[in-house]
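One structure is given below, encoded as structure tokens.
There are 4 protein chains.
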Amino acid sequence: MGEDKRESIIEAALRLFEDQGYHTTKVSDIVHKAGVAQGTFYLYFKSKEDLFRSIAESCLGQIADAIKQNCTGDMKEEALYRMILESLRVYYNNKTILKILNGHGAASTEIADISDAFYRTIMLVIKQSFLDWGAFPNYSDAQLEIAAYSKIGMVELVAYQCFVVQNYDTTHIESIAQVLAGVNAPCQLESTEAGDK
Amino acid sequence: MGEDKRESIIEAALRLFEDQGYHTTKVSDIVHKAGVAQGTFYLYFKSKEDLFRSIAESCLGQIADAIKQNCTGDMKEEALYRMILESLRVYYNNKTILKILNGHGAASTEIADISDAFYRTIMLVIKQSFLDWGAFPNYSDAQLEIAAYSKIGMVELVAYQCFVVQNYDTTHIESIAQVLAGVNAPCQLESTEAGDK
Amino acid sequence: MGEDKRESIIEAALRLFEDQGYHTTKVSDIVHKAGVAQGTFYLYFKSKEDLFRSIAESCLGQIADAIKQNCTGDMKEEALYRMILESLRVYYNNKTILKILNGHGAASTEIADISDAFYRTIMLVIKQSFLDWGAFPNYSDAQLEIAAYSKIGMVELVAYQCFVVQNYDTTHIESIAQVLAGVNAPCQLESTEAGDK
Amino acid sequence: MGEDKRESIIEAALRLFEDQGYHTTKVSDIVHKAGVAQGTFYLYFKSKEDLFRSIAESCLGQIADAIKQNCTGDMKEEALYRMILESLRVYYNNKTILKILNGHGAASTEIADISDAFYRTIMLVIKQSFLDWGAFPNYSDAQLEIAAYSKIGMVELVAYQCFVVQNYDTTHIESIAQVLAGVNAPCQLESTEAGDK
DNA sequence: AATGAATGAGATTTCATTCAT
DNA sequence: TATGAATGAAATCTCATTCAT
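Chains as they are written, first to last, in this note's numbering: chain Z, 1 to 197; chain W, 198 to 394; chain U, 395 to 591; chain L, 592 to 788.
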């Protein structure tokens, strides 16, 4: 019962952060939307920032977990395509968080540490996948990390543009993944040595 | 003379936004750092948000211009690699803006319109380059746009991680570009049909 | 309970507006005098102007009501004298408002609409009384309105000068009313019995 | 030449005070309308209030002078009517001041002394006229003053309502004066003893 | 646990006035 | 005399947080 209120506060905050951003959303907006009293807020959260961190932590944690589960393991075949596809699905299912994440930046001062940790976590998952697949046999550790970050940036901005800005629905996810997976191949043909180094 | 003060306000704001973010930075911080009086601020800017928009507009405009100039034209050879390389250079030279941009998100409510326009502009430049090179002959318009956005997201997050978080210096730019340009090739080789579409 | 604070804010504002005028009175003065916190003010009033309008509306409303009740009905006998007498009593009992009203003008930009409506309301009451008494049988509507306004102006300035500037007490009201009621007759008749007191 | 600027400042201020009131009008508005520089203002006036006082003093002085000249002397015949008529003409010709006067109240804190003195001056002129005409032979001094103030209040509010609110033009002045002069006569007939008491 | 009125520090913004040129 | 950029004190208003009930 008490937890009901906590949940409704989080729910309300999530919506408001999504629509207006963290700074524009007032505690009074949140409690009003949640249907609880002003003081109740502080029964469950130490401060407004505490709520934001709490939400960010849990949400980014969920995304990270989802990616961990969906983008690892026995993916040898069409590995990259499937990793992208699954990541897109995760972002699609967490559109709200995607919106908040992009609306506050990778380093919104309030949650800079959380968001940094988030990116690092995902990057490590992807790097490990690369190693598992033997994808880039002669890349150094640093290079693998760059490669991993590049995948994250790619998927994230595209997810944001497609799902949030242009409101693509679930039926487009596969074709988007195909574009992302195949996107370098043609270049390869034109200028083969490009990344060969 | 008068413009000196305007410049020092912008300079100070740029530094403070970079360090603390827009919301944490007070007008009083800015004028103090700029060495001008509180009222002087409002001689040059209608409001704090006006300053932010002004800065964002001009900075993102510069980046967009730089990318336009450096990533188009006769790039046939090693086109993608050179586009990535030049983009990284632009981001490196605009580290401050990169930091602010990422610190406030792709859609910081205050400058959402400006930043949306910025991404769209760059995307169009890249799409056009793709068309000029004949890079993805059988991609639809929507697919080309996705491809373009994917490049932007890739370069931007990597630039942020390398230049801002990890403080790589200018000597690494080329090798980062090589990783980004070549990053899919090996995948291609290992799991050839991956993105083949 | 909560309304206590609202009341004390109004009370304090009334005093301060009376003493120093609206523009000179700061919200901080009001809350200080009312013994509440700065923020409390905005719990009950949207703005300083909102408070002023609120006060003006309610006070002028009270005066208008008092005049309506006391200056109409079966007054045939000595009608004008009694109307003036009652109006003076109303103004005397609302000295504070009288002072504010005169201190801010008939058309203080902040409450111009309210004060205009106030004068119009009273004028209409008086015009109706004139009609009820058959006082000016061959006056046009416009002329009756002018006559009504003239009575208001007369009573108001005299009330201000006597009650506010010269601090006459309640015992003088009747004799003032006599002067005002009789003041024109003598002139008319060559002014023989003048103020026959 | 220098005085040109002084004049244009006064002119501009007069217009702006009339339209928006003293407090709403900024010095920057005035100098802008007057076409001079900000600093020039302080070459001619010590402060904004100084300008206001200066304007009020001169304008009210003009009205007082005009009333003095037009409402005294050999007016025996129809004395009251002619005094009212002339006063209305004075107010009509000084509509701007009338508007400012009413817009700021009889006792706008900034010019309270000036405006008090103004009313007192006019009152004395009228009282003297009453004495000259032998209008109210057995009125005490205090009663004569009340009578005089009543005339001022009457004319002023009617002038404001007719000339400012309803924009009557010069052709109506005479008929307004007739209404004001005759306004008590009919009452007299209906309830003869009215002021007798 | 729940309430919501009250708080007050602090932020943004305004604008009369000054002063170096 | 004239300028107008610069000033900074001060005012209004906001809102996260507290606390008595």
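Note that the Cβ used here is the ideal one computed from N, Cα and C, for glycine as well.
A quick note: this is a predicted structure, and the numbers were derived from the prediction, not measured.
Is DSSP giving residue i helix, strand or coil here?
i, result
"Asn-693(L)", "helix"
"Cys-465(U)", "coil"
"Gly-703(L)", "A quick correction: the sequence has Ala, not Gly, at residue 703(L). Correct three-state label for Ala-703(L): helix."
"Gly-39(Z)", "helix"
"His-566(U)", "helix"
"Glu-397(U)", "helix"
"His-23(Z)", "coil"
"Gly-134(Z)", "coil"
"Phe-45(Z)", "coil"
"Ser-58(Z)", "helix"
"Tyr-625(U)", "Nothing about residue 625(U) can be reported from this structure: the residues present for chain U run from 395 to 591 only."
"Glu-11(Z)", "helix"
"Tyr-543(U)", "helix"
"Asn-93(Z)", "helix"
"Ser-326(W)", "helix"
"Gln-757(L)", "coil"
"Ser-422(U)", "helix"
"Tyr-336(W)", "coil"
"Glu-78(Z)", "coil"
"Val-155(Z)", "helix"
Alpha carbon to alpha carbon, what distance is there between residue j and residue i?
i, j, result
"Trp-724(L)", "Glu-765(L)", "22 Å"
"Ser-441(U)", "Ala-603(L)", "30 Å"
"Arg-483(U)", "Arg-476(U)", "10 Å"
"Ser-115(Z)", "Ala-56(Z)", "8 Å"
"Ile-10(Z)", "Leu-51(Z)", "8 Å"
"Asp-310(W)", "Gln-20(Z)", "14 Å"
"Ile-122(Z)", "Gln-235(W)", "44 Å"
"Asn-364(W)", "Gly-105(Z)", "19 Å"
"Glu-145(Z)", "Gln-128(Z)", "10 Å"
"Lys-659(L)", "Ser-452(U)", "40 Å"
"Asn-729(L)", "Ile-570(U)", "15 Å"
"Gln-62(Z)", "Arg-120(Z)", "15 Å"
"Ala-613(U)", "Ser-481(U)", "Since the displayed chain U opens at 395 and closes at 591, residue 613(U) lies outside it and no answer follows."
"Leu-454(U)", "Gly-547(U)", "15 Å"
"Cys-753(L)", "Ala-529(U)", "22 Å"
"Leu-131(Z)", "Tyr-149(Z)", "15 Å"
"Ala-733(L)", "Lys-596(L)", "46 Å"
"Tyr-219(W)", "Ile-308(W)", "11 Å"
"Lys-230(W)", "Lys-26(Z)", "29 Å"
Under 8 Å between the Cβ atoms of residue i and residue j?
i, j, result
"Val-164(Z)", "Lys-99(Z)", "yes"
"Ala-147(Z)", "Ile-84(Z)", "no"
"Tyr-92(Z)", "Val-155(Z)", "no"
"Ser-251(W)", "Phe-242(W)", "yes"
"Cys-71(Z)", "Val-125(Z)", "yes"
"Ala-261(W)", "Phe-315(W)", "yes"
"Thr-565(U)", "Thr-615(L)", "no"
"Leu-240(W)", "Ile-227(W)", "no"
"Asn-685(L)", "Tyr-751(L)", "no"
"Thr-687(L)", "Glu-609(L)", "yes"
Is residue i near the ligand ADP - that is, is its Cβ less than 7 Å away from at least one heavy atom of it?
i, result
"Ile-461(U)", "You won't find the ligand ADP in this model; it holds no ligand whatsoever."
Taking all protein chains shown into account, do 16 or more other C-beta atoms lie within 10 angstroms of the C-beta of residue i, making it buried, or fewer, making it exposed?
i, result
"Pro-580(U)", "Low confidence applies here, because Pro-580(U) scores a pLDDT of 41, under 50, leaving its location unreliable; read the following figure in that light. So Pro-580(U) ends up on the buried side."
"Lys-151(Z)", "buried"
"Glu-640(L)", "exposed"
"Gln-178(Z)", "buried"
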